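At position 208 of the sequence shown (counting the first as 1) the number is 208 in UniProt numbering, and the numbers step up by one without a gap. These notes concern the structure reproduced below.
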Amino acid sequence: MSEDFNKYPCLSSKEVRYKVLNHINDILYSMGQTIKASAMAKEAKNVLSERNIIVSEKNLLLQRQLNRDQQIAYNTIMNRVFSNKPGAFFIDGPGGTGKTFLYRVLLATVRHQGFVALATTSFGVATSLLPGGRTAHSRFKLPIEIDGNFSCNISKQSSLASLIRDAKLIVWDEISMAKKEMIEALDFLLKDLMETNILFGGKIIVFSGDFRQTLPVIRGGKREDFVSASLLCSNIWNELEKLQLFKDMRAKIDLAFCQYLMRIGHGKEKINSQGKIEIPRSFIIPFTDEKDSLNILFKVVYPNLYTSASNILFITSHTILTTKNDFVDEINDMLIMQSPSNIKVYIVVDETLDPKDQSEYEDFMHTLNPPRLPPYKLCLKKHCPIILLRNLNFSMGLCNGTRLTCDDFKSHIISAIISNGDFKDTNVFIPRIPLLTSQDEKIPFQFKRTQFSICLCYAMTINKVKH
């Protein structure tokens, strides 16, 4: 069987082996078995998953649509890929210049040639924009909480290590939001796996992001703390080859607004006597009191919500952005009640890790609403927008940040329809799962919350949208 794949000169003997295993897996699947269930090549599981990514003709044809800046970046990176020379790049471009578009072309080209290309992002939402995308935390086993003593938890003998070694290309989007320690940990990991001191182990790795926008989140930090935590203040920054994208592809829609954002990003927008940028009056909803002003905002963003709630395209193309999770929860609670149809309420099961503490802390746990966990009382309605808070199944597009609309409700399963990314319009099932609180939260103890790993997303934080 391997002779069928040896006709591809670009494939190494190891890559031919994985191709054969993948084909065997397809045959076994048709007989109700899988390669995982057999004794063969358990270590190839992750590689098979990557090689099962279908390169669509649509993505292959995107290369024809590259503009001049994108084409220069594409040629520079692909020349390095196929010359087997090291390369670590940073694609610099404001929002709207087509960084993600370029990534899709790069990934499609490399994968179509039969090679492994790993697509990662700093956080959840952006993963749905890249075929085969995963968060850097998931792909490289980076801890959620970064401290001075951590590393990527990957054994050199594992299938994941094998996958990373085989990768011809690694892309990491939204790098501006990642703490510099994450990138430095990846550099250390790749050097270790490839057994070389070359930057990133000699891999072709492409970062992109916009430091004019959101920087790493530092709890209680100030501007200088955010900048200090970013890749800009890492020794790695000066070693990256910089590629520039200038043309704003969204300017055709609203040139004046794009220019306004660029002036802000470059620090050129006029400021008032208090040193603040004044927002144009056309963007502002007058404040009378909180309730009335919010209702006006709702009518602007979600006009006729009562009659349009079943219009999935309408619901998923509108979002209210705010700065804090508390504001998000308040707005979502108000909007779900304005939507028609019957409400479905799911109550969590909270458990302390030590059963002896359950009776003492049970009521207290119910009052808590930690980030990255669903609320104690989850109120949903048919067609309401939701967002995943955890990675469930990458092969089905169910990853942290995937947006969906609710379709049907059962006691332990929610039927939903994916509303973004390559799996858009796919019907999926979301189970209840146990979720642990983060050790980083200001809670005196860890506990387990069993619930659907979702929350409403009529409103989201600005950071969540960027994530």
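The C-beta atom is built at its ideal place from N, Cα and C for all residues, glycine as well. All values reported here derive from a predicted model rather than from experimental measurement.
Using a Cβ-Cβ cutoff of less than 6 Å, which residues in the same chain neighbour N369 once the five nearest sequence positions on both sides are dropped? On the sequence shown, position 369 is the one that residue 369 refers to. Result list for N369: P375, in chain order.
Could you give the residue range of the alpha helix (DSSP H) that holds M78? Walking along the sequence shown from the start, residue 78 turns up at place 78. First-last of the alpha helix (DSSP H) with M78: 68-83.
Where does T437 sit, in a helix, a strand or coil, going by DSSP? In the sequence shown, counting from the first residue as 1, residue 437 sits at position 437. Coil, per DSSP.
According to DSSP, P385 sits in a beta bridge with which residue or residues? Stepping through the sequence shown from its first residue, residue 385 is reached at position 385. For P385, which the question treats as bridged, DSSP gives the partners T405.
Would S208 and D248 qualify as a contact pair, given that the criterion is a beta-carbon distance under 9 Å? Your numbering for residue 208 matches position 208 in the sequence shown. Your numbering for residue 248 matches position 248 in the sequence shown. The answer is no: Cβ separation not under 9 Å.
Rounded C-alpha distance that separates I417 from L404: For the purposes of this step, residue 417 is identified with residue 417 of the sequence shown, where counting begins at 1. For the purposes of this step, residue 404 is identified with residue 404 of the sequence shown, where counting begins at 1. One C-alpha to the other measures close to 5 Å.
Straight-line Cα distance separating E278 from F287: Stepping through the sequence shown from its first residue, residue 287 is reached at position 287. Stepping through the sequence shown from its first residue, residue 278 is reached at position 278. Approximately 16 Å, taken between the alpha carbons.
Simplified DSSP assignment, three categories, for V345: Here residue 345 refers to the residue found at position 345 when the sequence shown is read from its first residue. In the structure shown, V345 sits in a strand (DSSP, three-state: E or B).
From S83 to H137, what distance separates their C-alpha atoms? Indexing the sequence shown from 1 puts residue 83 at position 83. Indexing the sequence shown from 1 puts residue 137 at position 137. Roughly 29 Å between the two C-alpha positions.
Under the rule that 16 or more other beta-carbon atoms within 10 Å means buried, what is P371, buried or exposed? For this step, residue 371 is matched to residue 371 along the sequence shown. So P371 counts as exposed.
Within 9 Å, strictly: CB atoms of K448 and T352: Numbered from its first residue, the sequence shown carries residue 448 at position 448. Numbered from its first residue, the sequence shown carries residue 352 at position 352. In this structure, T352 lies closer than 9 Å to K448 by Cβ.
Among V116, R68, T121, whose alpha-carbon lies nearest the alpha-carbon of C399? Residue numbering aside, residue 399 sits at position 399 when the sequence shown is read from its first letter. When each option's Cα is compared against that of C399, the closest is T121.
So, is P94 buried or exposed, given that buried needs 16 or more other C-beta atoms within 10 angstroms? Walking along the sequence shown from the start, residue 94 turns up at place 94. Buried, by the Cβ-count rule.
So, helix, strand or coil for C455, using DSSP? Within the sequence shown, numbered from 1, the residue matching residue 455 stands at position 455. Strand, per DSSP.
Decide yes or no for the touch test of the region 198-215 against the region 225-241: beta carbon pairs closer than 8 Å, at least 3 of them. yes
Quick check: the Cα distance between S282 and S395, rounded to an integer number of angstroms? The residue labelled residue 282 in the question sits at position 282 within the sequence shown. The residue labelled residue 395 in the question sits at position 395 within the sequence shown. Approximately 43 Å between the Cα atoms of the pair.
Excluding sequence positions up to five away, which residues of its chain have a Cβ less than 8 Å from the Cβ of S339? As a first step, residue 339 is located in the sequence shown; it is residue number 339 there, counting from the start. Counting only Cβ-Cβ distances below 8 Å, and skipping sequence neighbours, we find L305, Y306, A309, K381, H383, C384.
Quick one: Cα of L102 to Cα of D425, how far? Translated into positions along the sequence shown, residue 102 becomes position 102. Translated into positions along the sequence shown, residue 425 becomes position 425. Cα-Cα distance, rounded: 24 Å.
Let me know the secondary structure DSSP gives K156 once reduced to three states. Counting from one through the sequence shown, the residue named residue 156 turns up at place 156. Coil, per DSSP.
Measure the CB-CB distance between L199 and V171 and report whether it falls below 9 Å. The sequence position of residue 199 within the sequence shown is 199, counting from 1. The sequence position of residue 171 within the sequence shown is 171, counting from 1. Contact: no.
What are the start and end residues of each continuous alpha helix (DSSP H) run of 4 or more residues lying completely inside the region 156-202, in chain order? 159-166, 180-194
In this structure, does DSSP put I279 in helix, strand or coil? Mapped onto the sequence shown, residue 279 falls at position 279. Here I279 sits in coil by DSSP.
The alpha helix (DSSP H) enclosing F257, as first and last residue numbers: Here the question's residue 257 lines up with position 257 in the sequence shown. That run of the alpha helix (DSSP H) goes 255-265.
Considering only their Cβ atoms, is the gap separating L106 from L190 smaller than 9 Å? Locating residue 190 in the sequence shown gives position 190, where the first residue counts as 1. Locating residue 106 in the sequence shown gives position 106, where the first residue counts as 1. Cβ atoms of L190 and L106: not closer than 9 Å.
Among all the DSSP beta bridges, which residues are the ones paired with N427? Here residue 427 corresponds to residue number 427 of the sequence shown, with the count starting at 1. Looking at the DSSP assignment, N427 forms a beta bridge with I417.
Exposed unless 16 or more other CB atoms sit within 10 angstroms - verdict on C455: As a working mapping, residue 455 is identified with position 455 in the sequence shown. Result: buried.
Grab the span of the beta strand (DSSP E) containing F207 for me, first residue to last. As a first step, residue 207 must be located in the sequence shown, where it is residue number 207. Where F207 is concerned, the enclosing beta strand (DSSP E) stretches over 204-209.
List the DSSP bridge partners of P87. If you number the sequence shown from 1, residue 87 lands on position 87. The question names Pro, yet the displayed sequence has Gly at residue 87. Bridge partners of G87: I204.
Beta-carbon within less than 8 Å of C152's beta-carbon, same chain only, minus the 5 sequence neighbours each way: which residues are those? The count along the sequence shown starts at 1 and reaches residue 152 at position 152. F140, K141, L142, A185, L186, F188, L189, listed in sequence order.
Report the CB separation of A119 from V110 in whole angstroms; it is logged as a contact under 8 Å. Along the sequence shown, one-based indexing puts residue 119 at 119. Along the sequence shown, one-based indexing puts residue 110 at 110. At roughly 10 Å, the Cβ-Cβ gap does not stay under 8 Å, so A119 and V110 are not in contact.
Apart from the five residues on each side of it in sequence, which residues of its chain come closer than 7 Å, Cβ to Cβ, to T196? Within the sequence shown, numbered from 1, the residue matching residue 196 stands at position 196. Counting only Cβ-Cβ distances below 7 Å, and skipping sequence neighbours, we find G202.
Are V465 and L321 close, meaning C-beta to C-beta below 9 Å? Working through the sequence shown from its first residue, we reach residue 465 at position 465. Working through the sequence shown from its first residue, we reach residue 321 at position 321. Closer than 9 Å, so yes.
A117 bridges to which residues according to DSSP? Indexing the sequence shown from 1 puts residue 117 at position 117. BP columns for A117 point to L169.
Per-residue DSSP class, three states only, for K464: Locating residue 464 in the sequence shown gives position 464, where the first residue counts as 1. Correct three-state label for K464: helix.
What three-state label does DSSP hand N238 in the structure shown? Working through the sequence shown from its first residue, we reach residue 238 at position 238. Of the three classes helix, strand and coil, the one that applies to N238 here is helix, per DSSP.
Strand pairing of C379, partner residues [DSSP]: Within the sequence shown, residue 379 is the residue found at index 379, counting from 1. V345, per the DSSP bridge assignment.
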